[in-house]
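J.: Note that numbering that gives the first Met the number 0 numbers the sequence shown so that position 43 is 42, with each residue one more than the last. By construction, the Cβ of each residue, glycine as well, lies at the ideal position given by its N, Cα and C atoms. Just so we're clear, the structure is a prediction, and the values are computed from it rather than from any experiment. Please see the structure below; I have some questions.
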Amino acid sequence: MGILEGWDLTGKKAVITADRRGWTKYYASALAEAGADVAVAGSKNSDMVEAAKYVKDQGRMGLTLETDLMNQDSVNSMFQQASERLEGLDILVNNAKVDFGKRFEAITENEWDSLMNFNVKSMFLCCQAAGNKMMAAGHGRIINMTSDL
């Protein structure tokens with residue numbers, strides 16, 4: 000049967016920030032299956048190219064936008080490009096995050112600070128940039144994926 004009618008995103012325009020854990024392609028594919036065009040943004044080391052391919056395989060527009068998610072100008076530019084190329088912005092999925100890669104009790108304070116700096120700052124910058132565009136348009140949704148401890 001596919002997706003439920005209540006999850007229909009036909010014609011919606013989404014940006015998802017890419018991670019290095021391999022989940023982005025599945026989230027992007029689900030957005031596309033529901034009918035959304037998707038721009039995948041992140042560093043060139045992320046899985047954004049594969050995620051955009053999953054979107055295109057669903058018959059939707061899939062873009063990649065290399066972005067420094069820790070730099071406000073880069074994030075603002077990415078959202079400008081995304082909204083122009085997608086012809087709008089309805090959804091942001093903040094998916095980029097850094098994981099520890101080891102047991103919690105083995106994490107140093109510097110590692111904690113670095114992780115929190117990326118996970119929180121990148122989410123803040125993306126919410127701010129997307130939120131400004133969404134408020135100007137009078138609509139939009141933001142989904143924040145948080146780090147797990």
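Check the Cβ-Cβ distances between residue 53 and every residue of chain C, and say whether any is below 8 Å.
T.: Absent from the structure is chain C; it holds one protein chain and no more.
J.: Taking DSSP as the reference, what is the three-state secondary structure of residue 112?
T.: Here residue 112 corresponds to residue number 113 of the sequence shown, with the count starting at 1. In this structure, residue 112 counts as helix in the three-state DSSP scheme.
J.: Taking contact to mean 3 or more Cβ pairs, one atom from each stretch, closer than 8 Å, check whether the region 10 to 25 and the region 81 to 98 are in contact.
T.: Flag = yes, the region 10 to 25 and the region 81 to 98 touch.
J.: Residue 16 and residue 136 look like a contact to me (Cβ under 8 Å); what is the Cβ gap, rounded to whole Å?
T.: Position 17 of the sequence shown holds residue 16. Position 137 of the sequence shown holds residue 136. About 20 Å; that fails the 8 Å criterion.
J.: Using 10 angstroms around the beta-carbon of residue 222, count the other beta-carbons present and answer buried if the total reaches 16, otherwise exposed.
T.: Past the edges of the chain, shown from 0 to 148, lies residue 222, and the structure says nothing about it.
J.: What residue range does the beta strand (DSSP E) around residue 29 cover?
T.: For the purposes of this step, residue 29 is taken as residue 30 along the sequence shown, with counting starting at 1. Residue 29 -> not in any beta strand (DSSP E); alpha helix (DSSP H) instead, spanning 23 to 32.
J.: Check whether the region 46 to 54 and the region 129 to 144 touch, using three or more Cβ-Cβ pairs below 8 Å as the test.
T.: In short, these stretches do not touch, since the Cβ pair count stays below three.
J.: What's the C-alpha gap between residue 129 and residue 93?
T.: For the purposes of this step, residue 129 is taken as the residue at position 130 of the sequence shown. For the purposes of this step, residue 93 is taken as the residue at position 94 of the sequence shown. Spanning the two alpha carbons is a distance of roughly 10 Å.
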